[in-house]
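What follows is a short report on a single structure.
Numbering (this note's numbering), first residue to last: 1356 to 1616.
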């Protein structure tokens, strides 16, 4: 088996060139491959087309690439926590392909599974299928690029005819993901909520780069506990357990036994 370890994040992302397409794991701020993103920022790569559930916040996750104007296009399902994202999109600086969350997940999984496209009911009867969703504004309030019309086909499901919309799979040049633990062969284990879009993003990338908090030797992972087999992972770096992990929105409630002063 091949030892897929790299010495640093900078070394692992060094060949990601301007204009590359990336699938990036994470949901909100959970499971963001932050050190790989920071290394990509430091090397100056720009004009990126990124597929990720969201774009971080103004100063964290993919938000740091956005603030530096390194992203040309985002394919996402949720973008509501990033004011700079809103500003760039409405001003025509950023292209956005807004995609239903489950559809986005399946597009990534399909891309990694060799499936070219699939039919889903999600989006039927809306602009997702009918087209016309703004993808890029012209800076004056008009739409410069709109989403296209997609094929809708009738299928008999359980004796009931239903419309389904055709969605194409996603494959990207690279994938950046975060995992709790991995071995030198690239087998990965994710922790709780970090097992969100990370396995799917990893599958979709032709070259998958994983940062792990703990790197173990081959055989150090319980085979029944592996969430993503190493066949999908091409490079792996260890970042340690002390990396900064942020909470997107903290909500605190008083204890039931709390007494007012």
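The beta-carbon is built from N, C-alpha and C at its ideal position, and this holds for glycine as well.
The model shown is predicted, which means the values in this text are computed figures rather than measured ones.
Distance check for residue 1530 and residue 1410, CA to CA, integer angstroms please.
15 Å
Enclosing alpha helix (DSSP H) for residue 1393 [first to last residue]:
1389-1398
Are the beta-carbon atoms belonging to residue 1403 and residue 1426 less than 8 Å from one another?
yes
For residue 1524 and residue 1460, believed in contact at Cβ under 8 Å, the rounded distance:
Not confirmed; about 12 Å, so no contact.
Option nearest residue 1505 by Cα separation, candidates 1533, 1478, 1437 and 1399
Among 1533, 1478, 1437 and 1399, the Cα nearest to that of residue 1505 is on 1478.
In three-state DSSP terms, what is residue 1609?
coil
Residue 1474 - containing beta strand (DSSP E), residue span:
1472-1475
Give every residue of the same chain whose Cβ lies closer than 7 Å to the Cβ of residue 1550, excluding the five residues on either side of it in the sequence, and list them in chain order.
1582
Using the C-alpha atoms, what's the distance from residue 1546 back to residue 1424?
Computed Cα separation, rounded: 31 Å.
Is it buried or exposed for residue 1372, if we count other Cβ within 10 angstroms and need 16 for buried?
exposed
With DSSP run on the structure shown, which of helix, strand or coil describes residue 1483?
helix
Report the partner residues of residue 1518 according to the DSSP bridge assignment.
1509
Host alpha helix (DSSP H) of residue 1432 (start-end)
No alpha helix (DSSP H) holds residue 1432; DSSP gives it neither H nor E.
For residue 1449, which residues from the same chain have a beta carbon less than 8 Å from its beta carbon, with the 5 sequence-adjacent residues on both sides left out?
1421, 1426, 1427, 1428, 1429, 1440, 1443 and 1491.
Give a yes or no on whether the C-beta atoms belonging to residue 1541 and residue 1565 are separated by under 8 Å.
It is a contact, given that the beta carbons lie within the stated cut-off.
For residue 1378 versus residue 1560, is the C-beta spacing smaller than 8 Å?
yes
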